[in-house]
Each structure stands twice: as C-alpha cells, then as structure tokens.
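The structure under discussion appears below in the form of structure tokens.
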Amino acid sequence: MGKISIAIDKITGTLFDDYTLQGTKEFDTDTWTQVCDKCASEHCLQDSYLELGAGHGVCGVLGCKRQADHYYDFNREEKEFKSNY
Ligand SMILES: [Zn+2]
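Numbers 1 to 85, taken from the numbering used here, label the letters of the sequence shown in order.
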C-alpha cells in the first residue's frame, strides 16, 4: 500500500498527480505543473494561468501520460489517497 499526493486546482477542480510548489511568495499562485493541450481544453484551464508552449515532460493531470505543451500555475488543495501500487 502506497500513498500518492494529489493536488486539486481550487478554480477548476482538476486533479494533478505531478506538480511543484512555488519556491517564493512572489507568485500569485502556490503551485505549478505542466499540462498537455488536450487537458488544458478538457479541464477549461484558464489562459491567464497558462504559459503557452513552455511545458515539457509528462502532463501533470492525474492519469494523463501525454507530453506536456504548457506550464500551468494554480492554487491547490492537497489530498492524500491510498493506492494499491
Ligand atoms: Zn494531459
């Protein structure tokens, strides 16, 4: 039994399993991740929080394994779920 940490975007309710806390207080948001084009439109992520074309690596949305296209900043609520892997 392991634990995975999930961050929930307070605005859109999107679940992320890969994300990074902002290092300083100079940002409006406390968390950033990277997302693919498909997730950005499916989850209606707001353009003002997207840095288009700047993302790389695997999309941070829970369950998505596509390559990311954009950075995405958000404010999070964190939850821990138990998982079987
Ligand atoms: Zn995605």
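Where a beta carbon is used, it is the ideal one built from N, C-alpha and C, also for glycine. Because the structure is a prediction, the values reported are computed rather than measured.
Burial state of residue i, where buried means 16 or more other Cβ atoms lie within 10 Å
{"i": "Asp69", "result": "buried"}
{"i": "Asp47", "result": "exposed"}
{"i": "Thr33", "result": "buried"}
Interface flag, residue i vs chain B, CB-CB below 8 Å
{"i": "Asp18", "result": "Note that chain B does not occur in the displayed structure, where there is just one protein chain."}
CB of residue i within 8 Å of CB of residue j, strictly
{"i": "Ile8", "j": "Glu77", "result": "yes"}
{"i": "Thr14", "j": "Thr31", "result": "no"}
{"i": "Asp17", "j": "Gly60", "result": "yes"}
{"i": "Leu45", "j": "Tyr71", "result": "no"}
{"i": "Lys3", "j": "Lys79", "result": "no"}
Heavy atom of ligand 2 within 7 Å of residue i beta-carbon
{"i": "Asp30", "result": "No copy of ligand 2 occurs in the structure displayed; its ligands are ligand 1 alone."}
Option in the options with minimal Cα separation from residue i
{"i": "Cys64", "options": "Gly23, His43, Leu52", "result": "His43"}
{"i": "Gly55", "options": "Ser41, Leu62, Asp37", "result": "Asp37"}
{"i": "Ile6", "options": "Arg66, Leu62, Asn75", "result": "Leu62"}
{"i": "Val35", "options": "Gly23, Lys3, Glu80, Leu52", "result": "Leu52"}
{"i": "Gln67", "options": "Cys39, Gln22, Gly23, Thr24", "result": "Cys39"}
**Message:** I need the residues with a C-beta less than 6 Å from some heavy atom of ligand 1; please give them in chain order.
**Reply:** If you measure from each CB to the nearest heavy atom of ligand 1, the residues under 6 Å come out as Val35, Cys36, Lys38, Cys39, Cys59, Val61, Cys64, Arg66.
**Sequence ranges, beta strand (DSSP E) only - wholly within the region 16–44, length at least 3** = 31–35
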